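The structure appears below as structure tokens.
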Amino acid sequence: MIRNLLGRRSLSEEEVAELKAAQKYSPKNVSPNDLPFDLVAELGSVQHAEIISPGVYFLIVEKDSERTEVYVVTEDAPAISEEARNYGQDISDCPGLRVYPLHEKGSGKHIIDFEVCRYQVKCHLPVEGITDSLLSRALYGMEEYPDYFGTFPVPFHTPRGSTVRHKALSNGVYWLETDRCEEMLAVCYPIWEADISIPEPYRKRRPAVKRAAFLRDRERRKRYQGAGPN
16 MIRNLLGRRS
26 LSEEEVAELK
36 AAQKYSPKNV
46 SPNDLPFDLV
56 AELGSVQHAE
66 IISPGVYFLI
76 VEKDSERTEV
86 YVVTEDAPAI
96 SEEARNYGQD
106 ISDCPGLRVY
116 PLHEKGSGKH
126 IIDFEVCRYQ
136 VKCHLPVEGI
146 TDSLLSRALY
156 GMEEYPDYFG
166 TFPVPFHTPR
176 GSTVRHKALS
186 NGVYWLETDR
196 CEEMLAVCYP
206 IWEADISIPE
216 PYRKRRPAVK
226 RAAFLRDRER
236 RKRYQGAGPN
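Read left to right, the sequence shown gives residues 16 to 245 (the working numbering).
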């Protein structure tokens, strides 16, 4: 098998045939009664169900008068890797299923979004209604899942020159020195709760250091488009 730097193997003939067959697939709403699983006891009654990829379902469920949005992934979902499945919640009575609450931090939701989008790109499937590119989904995922996506890339081009040295203070938070001998703090996403300790050598020069503004979501994508680690 031929493997690339990320360890992915070349596709077999069977997998190529499967991808070609998937080109005929399109997302659609389904009746809750037609779902291949019953999770009413665990999640509540299904108010809305949609297939977003083979074996990947988007559900709106209601339990105790509270509505929740989740992804449910079946064991045979071709788009979802074993690594992504490890982020899902197990259902004791349905060992092949994985559940990903959409509004719960660390649930793996961004990983499912990414792998579904990647599957669509590989299969040349229509992506109507999807506004985020594969790169955008990866950048969103880096914030919560650096072990899956890797850490945010260090920005090379800055308003005060090109980066020649950097120190990582946190994932996506870098102290930079540029070729103009200027220093700054680069932050690639809004930080709501964080404890950032500035190294002692930098504290002494802090009054002379100009800090880069926090980058909002859209600005972040533009800022890091094409940027790579040094």
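The beta carbon of each residue, even a glycine, is placed where N, CA and C say it ideally should be. Remember, it's a predicted structure, so these values are computed and weren't measured experimentally.
If you check the beta carbons only, do residue i and residue j fall under 7 Å apart?
i: Pro47; j: Pro69; result: no
i: Phe167; j: Thr178; result: no
i: Gly103; j: Glu90; result: no
i: Phe176; j: Thr193; result: Contrary to the premise, residue 176 reads as Gly rather than Phe in this sequence. Going by C-beta atoms, Gly176 is nearer than 7 Å to Thr193.
i: Val188; j: Val202; result: yes
i: Leu117; j: Glu84; result: yes
i: Val87; j: Ile95; result: no
DSSP puts residue i in a beta bridge; with which residues?
i: Asn44; result: Glu65
i: Leu200; result: Trp190
i: Arg195; result: In the DSSP output, where bridge partners are listed per residue, Arg195 has none listed.
i: Thr89; result: None; Thr89 has no bridge partner.
i: Ser185; result: Val188
i: Phe52; result: Its beta-bridge partners do not exist; DSSP assigns none.
i: Glu77; result: Ser60, Arg82
For residue i, count neighbouring Cβ atoms within 10 angstroms of its own Cβ and tell me buried if that reaches 16, exposed if not.
i: Ser151; result: buried
i: Cys196; result: exposed
i: Val136; result: exposed
i: Ala183; result: exposed
i: Arg233; result: Because the pLDDT at Arg233 is just 44, under 50, the model does not fix this residue reliably, and the point stays unresolved.
i: Glu125; result: Note on residue identity: the sequence assigns His, not Glu, to residue 125. It is buried - the Cβ of His125 has at least 16 other Cβ atoms within 10 Å.
i: Arg113; result: buried
i: Arg180; result: exposed
i: Met199; result: buried
i: Pro244; result: Residue placement at Pro244 is flagged as unreliable, the pLDDT there being 46, under the threshold of 50; a coordinate-derived value is accordingly withheld.
i: Tyr204; result: buried
Any beta strand (DSSP E) of 3 or more consecutive residues that is wholly inside the stretch 91 to 176:
104 to 106, 109 to 116
Would the stretch 154 to 161 count as touching the stretch 115 to 135 if we require 3 or more Cβ pairs under 8 Å?
yes
Is the stretch 126 to 136 in contact with the stretch 53 to 69, if contact means three or more CB pairs nearer than 8 Å?
yes
So does the stretch 73 to 89 actually touch the stretch 51 to 61, counting three or more Cβ pairs closer than 8 Å?
yes
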